[in-house]
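A short write-up of the structure that comes next.
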Amino acid sequence: MANTLADGFDCLLFDLDGVVYRGSNAVPGAVTALERCAKVGHQCVYVTNNASRTAGDVAAHLRSIGIHVADADVVTSPQAAVSLLPDFVPDGSAILVVGGAGIDAVLIEHGYRPVRSLAQGPAAVMQGFSPSVSWADLAEASYAIASGLPWIATNPDLTFPTDRGVAPGNGSLVAAVANAVGREPDAMAGKPEPPLLVEAMRRRGGSQGLMIGDRLDTDVRGGSLAGLATLLVLTGVHSVDDLLGAVGPDQPDFIGVDLGVLHEEYPEVVVREISAGMEAECRGVWARIDEVGRVEVGGLGTWIDAVRALAGVTFASRNRGQDVEVPQALQALEAFTGTVAPETMELRGDHSA
Ligand SMILES: [Mg+2]
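Every position in the sequence shown, counted from 1, becomes a number in our numbering once 46 is added.
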């Protein structure tokens, strides 16, 4: 059998929400795809920006939906943040924590001393999310940072999805402190910054990693910045219109409807110059963008291969400085396939990272 997409990598890094689960339910097809990874022997690691749950909590959640993982298969942003501390403070230092027990536990595990006030002599500030973070905590962090202490944040997510809607996330609370102290954190551990993914790769000892996610501006950008290959799956936040608008590091190397793509042979997308513009071809489907930005899709093939060809030619044209209008590209896809969304797209609609 031909090589699958996953066969090309020695470490698969999975984002969770919108990729593996959505709230308390597994994303359809995810459990089967991940079981197959385990059977084939692919190294898998699960990465999350969420600083309010421990790796053990996340692993237990994964096991509850039928995915067999050990606690050590999960890397959280507090774990990645702690891995950055040796660059800033001596071993065993006291660390002023803004956040919850998840951060305290990781600090203690690595020999640091979590404290809650400047009077306790901290050497650095670590800021992560907890629903119990108060104004007093943010004020204490501000005083400590203003006094010259280094400041490490677990993750930059501006929003935090809850059962009742969208609430402020850690990035919003970091911004509140930044407004007070007049500067940004010295380091940010979570996606799209590389430390979380670098820590995951280090833990697995991998050298050829594939970052798999549902968001272009966190998962794909983070993977690109960390030097990994990237796969966008269309089971979460970002859809084809977001994909076609992607620039620079937000442009994924691979595109799949869901995690099943890992076990398929990934078709080559051939991009070439043609007499009046650019063309990309994927397994019998072609997409063209001419010099005035007209987009056309044709040939014979599947919806996802049309998306791959269209993304290929859109990125190539945009990267050469040609303005490509997303609505035009979507129209061309719709004219070819009759829809801009495969049937599984009805499952979208969760807006969490
Ligand atoms: Mg996600």
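Here a beta-carbon is modelled for each residue, glycine too, at the ideal position from N, C-alpha and C.
Model, not experiment: these values are computed from the prediction.
Roughly how many angstroms lie between the CA atoms of residue i and residue j, to the nearest whole one?
i	j	result
VAL104	ASP61	12 Å
VAL65	LEU108	12 Å
VAL152	GLN166	19 Å
VAL93	SER321	45 Å
ALA235	ILE111	27 Å
THR276	ASN71	24 Å
ALA355	LEU256	21 Å
ALA224	GLU230	5 Å
ALA106	TYR67	13 Å
GLY54	ASP63	24 Å
ASP150	GLY228	27 Å
SER98	GLY217	13 Å
ALA226	GLU325	51 Å
First and last residue of the beta strand (DSSP E) that includes residue i?
i	result
ASP336	331–336
LEU277	275–279
GLU327	323–328
PHE60	57–60
ARG318	315–320
Along the chain, where does the alpha helix (DSSP H) that runs through residue i open and close?
i	result
ARG267	267–271
LEU130	123–130
Tell me which same chain residues have a C-beta within less than 8 Å of the C-beta of residue i, skipping the five on either side of it?
i	result
VAL353	VAL286, LEU289, ILE301, LEU379
LEU219	VAL144, GLN173, PHE175, VAL179, LEU184
ILE154	PRO160
LEU58	ALA52, CYS83, HIS88, GLN89, CYS90, VAL91, GLY255, LEU256, ILE258, LEU308
For residue i, collect the residues of the same chain with a Cβ closer than 7 Å to its Cβ; drop the 5 residues on either side in sequence, then sort them by chain order.
i	result
PRO238	ASP263, THR264, ARG267, GLY268, LEU271
VAL370	ILE335, GLY339, THR360, SER363, ARG364
VAL293	ARG364
When you compare the CB of residue i with every CB in chain D, is at least one pair closer than 9 Å?
i	result
HIS88	This model lacks chain D altogether, as it is built from one protein chain only.
Spatial neighbours of residue i within its chain, please: C-beta separation below 6 Å, excluding the five flanking residues on both sides.
i	result
TRP181	none
LEU274	GLY255, MET257
ALA233	LEU130, ILE198
Ignoring anything shorter than 3 residues, give me the beta strand (DSSP E) runs that lie fully in the stretch 184–225, in order along the chain.
197–199, 205–208, 211–214
At 3 residues or longer, and completely inside the stretch 144–184: list those beta strand (DSSP E) runs for me, N to C.
159–161, 170–173
Count Cβ pairs between the stretch 305–320 and the stretch 367–382 that sit closer than 8 Å; are there 3 or more?
no
Could you pull out every unbroken alpha helix (DSSP H) segment of at least 4 residues lying fully inside the stretch 81–114, listed in chain order?
101–110
Sufficient close CB pairs (3 or more, under 8 Å) joining the stretch 87–102 to the stretch 243–261:
yes
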